[in-house]
Each structure stands twice: as structure tokens, then as C-alpha cells.
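Peer 1: Numbering (this note's numbering), first residue to last: 753 to 882.
All C-beta atoms in this analysis are idealised placements derived from N, C-alpha and C, irrespective of residue type, glycine included.
Right, dumping it as C-alpha cells:
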């Protein structure tokens with residue numbers, strides 16, 4: 753068994769697609785619309801056949817409440833791993849991203865947090881062993 757897909761709720765799929773591809777550098781994998789539903793996924797450019805991230809519209813009241821509560825508590829909706837969190841921080845910041853936490857050493861890793869512009873905090877993590 754393996755993980756092939758996970759999701760984050762976003763309040764605007766088009767804005768999310770721009771952020772995750774143009775700012776973070778991910779690759780669009782699927783973009784299918786049927787009626788009011790849009791199936792939109794991205795994947796790491798480093799692992800294009802790896803786990804996909806669905807950018808799911810938060811039009812369900814429960815999803816929206818969850819998304820807002822996580823953001824207000826400063827909890828990341830997703831965590832991405834990096835081999836160079838400081839380099840990624842500079843690259844992503846230069847593309848206009850708003851960080852709420854610059855790279856900070858914590859137990860066993862260095863982390864940074866940023867706003868994905870669609871209602872979520874995202875954490876970038878570099879494990880100390882890398």
C-alpha cells in the first residue's frame with residue numbers, strides 16, 4: 753500500500769494553481785472539469801510520478817470551517833520536504849510568497865511557513881539528517 757494522493761482545501765482553484773506551479777514550482781498533473789466540479793492536482797517537479805496534491809475547492813461548509821480554524825491556529829495544511837530549506841525560502845520569497853516564519857531551527861529539522869494565498873499555511877521542512 754502507498755500514498756498516491758492527498759489534498760488541501762483552497763478557496764480559489766485558479767489562484768491555487770498559480771501559487772503551487774508558478775511560486776512553489778510544482779507541475780500540474782490533472783485538470784478536469786465536469787459541471788461545477790473541477791479535479792485539479794499538482795505534483796513535485798522533482799517527483800512528477802510521485803504523490804499528487806489535489807487542490808480541492810473548499811465549498812463544503814465543514815471543509816471551510818476546518819481550513820479557517822487551522823489557519824487561525826497557525827497550523828500548516830500541508831508539509832513539503834526540502835533538501836535546502838534556506839535556498840527554497842529565498843527562491844520562493846523572490847517569487848512573491850509571504851512567509852509567516854523564516855527558516856527556523858527546531859528539534860531535528862529546519863522549518864519555514866508560508867501563506868499559499870488560498871486560505872492555508874504551508875510548512876517546508878528540511879530534516880537535520882539531510
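When we look at the beta-carbon of residue 804 and count the other beta-carbons within 10 Å, is it buried (16 or more) or exposed?
Peer 2: For the purposes of this step, residue 804 is taken as the residue at position 52 of the chain shown. Label assigned to residue 804: buried.
Peer 1: For residue 858, count the other beta carbons within 10 Å of its own beta carbon; 16 or more makes it buried, fewer makes it exposed. Which is it?
Peer 2: Within the chain shown, numbered from 1, the residue matching residue 858 stands at position 106. It is exposed - the Cβ of residue 858 has fewer than 16 other Cβ atoms within 10 Å.
Peer 1: According to DSSP, residue 805 sits in a beta bridge with which residue or residues?
Peer 2: Here residue 805 refers to the residue found at position 53 of the chain shown. Bridge partners of residue 805: 758, 794.
Peer 1: Would residue 855 be called buried (16 or more neighbouring beta carbons within 10 Å of its own) or exposed?
Peer 2: For the purposes of this step, residue 855 is taken as residue 103 along the chain shown, with counting starting at 1. Buried.
Peer 1: Can you tell me which of the three DSSP states residue 846 falls into?
Peer 2: Along the chain shown, one-based indexing puts residue 846 at 94. Looking at residue 846 - three-state DSSP - the assignment turns out to be helix.
Peer 1: Could you round the C-beta distance between residue 809 and residue 790 to whole angstroms and report it? I think they count as a contact, below 8 Å.
Peer 2: For the purposes of this step, residue 809 is taken as the residue at position 57 of the chain shown. For the purposes of this step, residue 790 is taken as the residue at position 38 of the chain shown. Confirmed, about 7 Å.
Peer 1: List the residues that DSSP assigns as beta-bridge partners of residue 887.
Peer 2: Absent from the model: residue 887. The displayed extent of the chain is 753 to 882, so no value can be given.
Peer 1: Starting from the Cα of residue 832, find the closest Cα among 785, 853, 875, 838 and give me that residue.
Peer 2: Sequence index remark: in the chain shown, residue 832 carries index 80 (1-based). Among 785, 853, 875, 838, the Cα nearest to that of residue 832 belongs to 875.
Peer 1: Looking only at C-alpha atoms, which of 866, 794, 814 sits nearest to residue 841?
Peer 2: Here residue 841 refers to the residue found at position 89 of the chain shown. Closest by alpha carbon: 866.
Peer 1: If you follow the alpha helix (DSSP H) that residue 821 is in, where does it begin and where does it stop?
Peer 2: Locating residue 821 in the chain shown gives position 69, counting from the first residue. Taken as a continuous stretch (DSSP letters only), the alpha helix (DSSP H) holding residue 821 covers 813–824.
Peer 1: Determine the direct distance from the alpha carbon of residue 802 to that of residue 787, and round the result to whole angstroms.
Peer 2: Residue mapping note: residue 787 aligns to position 35 of the chain shown, counting from 1. Residue mapping note: residue 802 aligns to position 50 of the chain shown, counting from 1. It is roughly 28 Å from the alpha-carbon of residue 787 to the alpha-carbon of residue 802.
Peer 1: Grab me the residues of residue 792's own chain with a C-beta within less than 6 Å of its C-beta, minus the 5 sequence neighbours each way, in chain order.
Peer 2: Translated into the one-based positions of the chain shown, residue 792 becomes position 40. Here the set comprises 765, 783, 807.
Peer 1: Considering Cα atoms alone, identify which of 861, 869, 799 is closest to residue 756.
Peer 2: The residue given as residue 756 occupies position 4 in the chain shown. Residue 799 is the option with its Cα nearest to residue 756.
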